[in-house]
Every structure is written in C-alpha cells, then in structure tokens.
Amino acid sequence: MSSFASSISKVFYGTFIHSVSLKEIEYVPKGLLFVDTHGRIAKIIKNVPKDQFRGALDGVEESKVVLLNDDQFIIPGFVDSHIHAPQYAYCGNGHDIPLLDWLDTLTFPHEAKFKDASYARRVYTKAVARSLRNGTTSACWFATIHLDATKELVKVIEEQGQRAYVGKVNMNQNSPEFLTETTQSSVADTRAFIEYVNAINHAQGFDTKPLVTPIITPRFAISCTSDLLTELGKLAAEFDIPIQSHLCETLNEIEFTKSLFPNSTDYTSVYADHGLLTHRSIMAHCVHIKDEELQLMKDRGAGVSHCASSNFNIKSGLANVRKMVDMDLKVGLGTDVAGGFSSSVLDAFRTARTCSIARSPDDSLLVPELFYLATVGGARVMALEDTIGNFVVGKEFDAILVNVAAKHSPLDVFEHDTIRTKFEKYLFVGDDRNNEKVYVQGKEVRLPDV
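Position 238 (the sequence shown) corresponds to 237 in numbering that gives the first Met the number 0; numbering is contiguous.
Here you go:
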C-alpha cells in the first residue's frame, strides 16, 4: 500500500455541492473526495465514470469508499454564527414581546437556573444534539454567566463532536441582581474558563484545529461597564481569541447604549474603543447600523451574524444584508435561538431570503449567495475560511450527507428532477430527516435522539 493510500481514512464517490464564490455554486457529479486520517481533504477528482472509479482510488482499499446514490449528495456543514445554548429550553416561546422586555420576563429568569450545573448539562445535551442533527457542524454558542455550567457546555460539545466557539457571558450592570457579576468576578471567571478550554486542547494535542475555542462574550454593551469591557478586550488580545456580542439590534437598545457610553461616537465604536472590534469579532444582528459603522467593521475585519428569524419574531427590523454583502463585509447566518424559533440553519437560510425580498424585492439575495452565507460566509465570520466552508484540498472535512429520498422525507422527488432541483428542494423544503450523516473533522458524528 502506498503512503498516500495508508493516509486515507475515507473516500466519497458521488455528487458534491459547494460554494466556490458568493455568486457560484459548483455541482461536482461522479466525484471522488479523499479524506485523510487527520480529517482533512487530501484529494479531489471530478467527473470519474462509475465503471472507472476503482482505478482512480490510487491504492485506497475499496472498503473505505462511501458510494452515494442518485438521491444523495455531500454539502459542507452549516455554520451557525449566533446561538444561545440556555435559551433552547424555551425555543418557540415569547415571540410577541419586544427585545428588552423579552430579556427581563423570559430570558433572565430562566438563565438563573444555570447556577445548577446538572440542569445546564440536561439542557445543553439536547441543544447541541438538535443543532448537530440540523447539520450545524460549527456553532458560536453563548452560555450564561455561570463558570461551571459553561464548562458543562464544553464537555457536551466535546462528547457530541461539534466544532464550536463557546463563551461565558459577561454582565455587571443593567441586569437582574441574580445575574449581575462584579467586574473582578466576571474577569476572573472568564480567564478561568479560557484556561480551562486551552488546557483541554493542549492535553489532546490536536494535529488539526481544536473542536472548542473560548470566545469573549459580553452579552451586549448595555450589560457591561466600561472597565469590564476594557478588561475583556485585554483578555481577547492576551489569549488571541475571538469575540462575540450583539450590535444595533433595536432602536431602543441603540439609544440606551449611547446614553451609557457618551464618549463613543456610536454603538459600534463602543466595542472598538474597548479593544473588542477585531478581525475575530462576530456581531449579531446589525439591523439599524449606520454606513459609517459598517465601514468601521469592514476596516477592522469584523463579521456580522444575520439572524433574520429572530429579527422578525422580536420585531427588530430588516437588516440590509445586500449592502453588507456588496461591500464585502464578512456575513454569516445565525439562528439566534431562542429569539429565532429554530436551531436549523436551513430555517435561517429561508428567513434570510424572505427578509431580503421584503427589504429589496428588486435586489434580493439569490440562492447561491444565501448558501454561501450559510457555509463559506459563516466560516469567514468565524475567521475559519482557511479551515472549513467548502471542499478544497487542505481544508477539514465538515460535511452533511444529504438524502432527499430519506424515510419520512418532507420533500418528494419526481422523474424530472435533476441534482440541481433536488438540492434546491432540500434548501427550501428539507429538514433534519434528510441529513443522513454529519461529519466534523472527517469523523462521522453520532446523531443522538432529541
């Protein structure tokens, strides 16, 4: 056996579909995709006739080959660039309440329960499992202020095999007493959490990127004093880790933030002024953001998580994603559970399409652009575009094996359907029942019942 053959763990033969640019989806029929033992894409061969694929295996044992039928195809795993793990427990509730009231009446009282780490594990086990079943191979998770509970989220993600950014939330003002930290305790617990995750990753000695990365997570500027934001910016720089928060979600939130930080030019500048707007920053929503703020984000290399479902439900407004995309700002899709009522990026894809049509019917986002945002766009937002997002030799194999004819499939296939129409049906009609297998770093993830 050749050294190449011995380095291969799995080969897929069939149709692969992925984004090669914002405007172009590539359909690869009769393709061979080789995955090595480190979970990376080692080789891709296109258009290999079925009666010739064995000769193209380059010495790889045929037992390692996964043969796809005409109703199956491989796509990159979805990237959920904004989701709240504790909120999964009441996903689907409270969608008739404005944002700040929603936080006070539903979110904050529930998050208090996460002082109990065993309760947190029960909720997080289901939240991560549902996310994976929906085909989300990478997610940016908000936890709560509780250190032990956030550690439980890391353990659950490691056990289930998802790639994730995980943040212990920071809140030391304008929060209920039972969720208000001191600056000192918030910084100390955040440092402890970062060191906890880093120690796990060091002990595992990854040849590839670690599954879990700590992320600095001020809930939003309203919930943090200037001194806390400053210390969080210092931690982000010290450990060279990403940052996530909310930005310009509602008009009331923006005005309240400006009143709290009068020395900053605008809401976006609050984060910039405290060292929290970098090329690894992920800002959710940006519904009512001004042009100069978008330019500041672009200049700093920060990314936007577009959460259309949440913005509809909480009546925040319609984000101008067309403008963001046209200025080559990094944009991905977020489910924003539980502001959003589903942890499926397919749902985020569909509501982003509706949002775009409602805002700009003559210049709405097209299917190739939306699929790009759900995969490559999310990878760019997470600063992982060199690692995941599409099928390129050297990238890690995070993928979904889709079967449009799966048992109990919500979509139907007819004689006239081509691979393109089957793919489009999956995007607009499919759900987790069509996600036959999910892979992260080349390994098949066991999809638990939820």
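In this text, a Cβ means the ideal position worked out from N, Cα and C, and glycines have one as well.
With 16 other Cβ atoms within 10 Å as the buried cut-off, status of residue i
i: residue 13; result: buried
i: residue 110; result: buried
i: residue 62; result: exposed
i: residue 320; result: buried
i: residue 137; result: buried
i: residue 273; result: buried
i: residue 373; result: buried
i: residue 72; result: buried
i: residue 258; result: exposed
i: residue 393; result: exposed
i: residue 295; result: buried
i: residue 202; result: exposed
i: residue 104; result: exposed
i: residue 250; result: exposed
i: residue 262; result: exposed
i: residue 517; result: Any question about residue 517 goes unanswered here, given that the chain covers just 0 to 449.
i: residue 49; result: exposed
i: residue 230; result: buried
i: residue 445; result: exposed
i: residue 333; result: buried
i: residue 135; result: buried
i: residue 218; result: buried
i: residue 279; result: buried
i: residue 377; result: buried
i: residue 22; result: exposed
CB contact below 9 Å: residue i versus chain C
i: residue 27; result: No chain C is present in this structure, which holds just one protein chain.
Residue i - partner residues in DSSP beta bridges
i: residue 335; result: Paired residues: none, contrary to the question.
i: residue 101; result: In DSSP, residue 101 forms no bridge with anything.
i: residue 436; result: 400
i: residue 244; result: 282
i: residue 9; result: 34
i: residue 75; result: 398
i: residue 18; result: 24
i: residue 366; result: Partner(s): none; residue 366 has no beta bridge.
i: residue 344; result: DSSP output for residue 344 lists no bridge partner at all.
i: residue 443; result: 438
i: residue 39; result: 395
i: residue 211; result: 163
i: residue 217; result: 169
i: residue 66; result: 12
i: residue 476; result: Outside the shown range of the chain, which is 0 to 449, sits residue 476, and nothing can be said about it.
i: residue 521; result: Nothing about residue 521 can be read from this structure; the chain reaches only from 0 to 449.
Proximity of residue i and residue j at Cβ, strictly below 9 Å
i: residue 405; j: residue 432; result: yes
i: residue 32; j: residue 15; result: yes
i: residue 496; j: residue 2; result: The structure shown does not extend to residue 496, since the chain spans only 0 to 449, so no value can be given for it.
i: residue 418; j: residue 75; result: no
i: residue 281; j: residue 81; result: yes
i: residue 214; j: residue 180; result: no
i: residue 227; j: residue 270; result: no
i: residue 47; j: residue 30; result: yes
i: residue 506; j: residue 304; result: The structure shown does not extend to residue 506, since the chain is modelled only from 0 to 449, so the question has no answer here.
i: residue 142; j: residue 113; result: yes
i: residue 116; j: residue 147; result: yes
i: residue 283; j: residue 92; result: no
i: residue 83; j: residue 390; result: no
i: residue 430; j: residue 447; result: no
i: residue 79; j: residue 344; result: yes
i: residue 380; j: residue 330; result: yes
i: residue 244; j: residue 216; result: yes
i: residue 27; j: residue 65; result: no
i: residue 247; j: residue 240; result: no
i: residue 162; j: residue 434; result: no
Anticipated Cβ contact below 8 Å, residue i with residue j, distance rounded
i: residue 450; j: residue 370; result: With the chain represented from 0 up to 449, any question about residue 450 goes unanswered, as that position is not in the structure.
i: residue 310; j: residue 301; result: The Cβ separation is near 19 Å, so there is no contact.
i: residue 308; j: residue 327; result: Not a contact, Cβ separation roughly 25 Å.
i: residue 87; j: residue 39; result: Rounded, the Cβ-Cβ distance is 31 Å, inconsistent with contact.
i: residue 184; j: residue 222; result: That belief does not hold up - the Cβ atoms of residue 184 and residue 222 are roughly 14 Å apart, past 8 Å.
i: residue 151; j: residue 195; result: The pair is not a contact, with the Cβ atoms about 11 Å apart (cut-off 8 Å).
i: residue 425; j: residue 403; result: 6 Å
i: residue 149; j: residue 192; result: 6 Å
i: residue 165; j: residue 156; result: 7 Å
i: residue 58; j: residue 4; result: 4 Å
Proximity test, residue i beta-carbon vs the ligand SAM heavy atom, cut-off 8 Å
i: residue 270; result: With respect to small molecules bound, the structure shown includes none, and the ligand SAM cannot be examined in it.
>> Quick check on the DSSP output: what are the complete alpha helix (DSSP H) runs of length 4 or more inside the region 118–197, in order along the chain?
In response: 146–159
> Enumerated in chain order, which unbroken segments of the beta strand (DSSP E) with a length of 3 residues or greater are wholly contained in the region 269–332?
Replying inline: 280–284, 302–305, 329–332
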